[in-house]
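Engineer:
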């Protein structure tokens, strides 16, 4: 088609730039996982590339449980229920890894 399937967001920092407060909460990371994967990067100069799926085939729904606005609705995102979404995002990850392997990024120790 004429429209891209993937968009890349670049940031001159990491998802850990705040010392891990947000990433730990958002991903509900256990201490062992955080300390192994993210904590070593706290004092490092980092950059981030995030591949985003722009036109997913998978779709979910939001359903009201009640007329009462204080009762939370049922939210079923149904992420990745279409295999094509997974394949497209994997391709985006491969592209991101290839970008990180280029000479300009390797000069800064990208991995």
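Numbering (UniProt numbering), first residue to last: 1 to 111.
For glycine and all other residues, C-beta sits at the position ideal for the given N, C-alpha and C.
Contact defined as beta carbons within less than 8 Å: I believe residue 19 pairs with residue 33. What is the distance between those atoms, to the nearest angstrom?
Structural biologist: Position 19 of the chain shown holds residue 19. Position 33 of the chain shown holds residue 33. Not confirmed; about 16 Å, so no contact.
Engineer: Taking DSSP's pairing of strands, which residues face residue 74 in a bridge?
Structural biologist: As a working mapping, residue 74 is identified with position 74 in the chain shown. Answer is 63.
Engineer: Short check: CB of residue 99 to CB of residue 49, under 8 Å?
Structural biologist: If you number the chain shown from 1, residue 99 lands on position 99. If you number the chain shown from 1, residue 49 lands on position 49. Yes, Cβ-Cβ distance for residue 99 and residue 49 is below 8 Å.
Engineer: Who are the Cβ neighbours of residue 85 in its own chain at under 7 Å, not counting the five residues just before and after it?
Structural biologist: Along the chain shown, read from residue 1 onward, the residue named residue 85 stands at position 85. The answer, listed in chain order, is 53, 56, 57, 58.
Engineer: Work out the CA separation of residue 8 and residue 103 for me, nearest whole Å.
Structural biologist: Residue mapping note: residue 103 aligns to position 103 of the chain shown, counting from 1. Residue mapping note: residue 8 aligns to position 8 of the chain shown, counting from 1. In this structure, the straight-line span from the alpha carbon of residue 103 to that of residue 8 is close to 19 Å.
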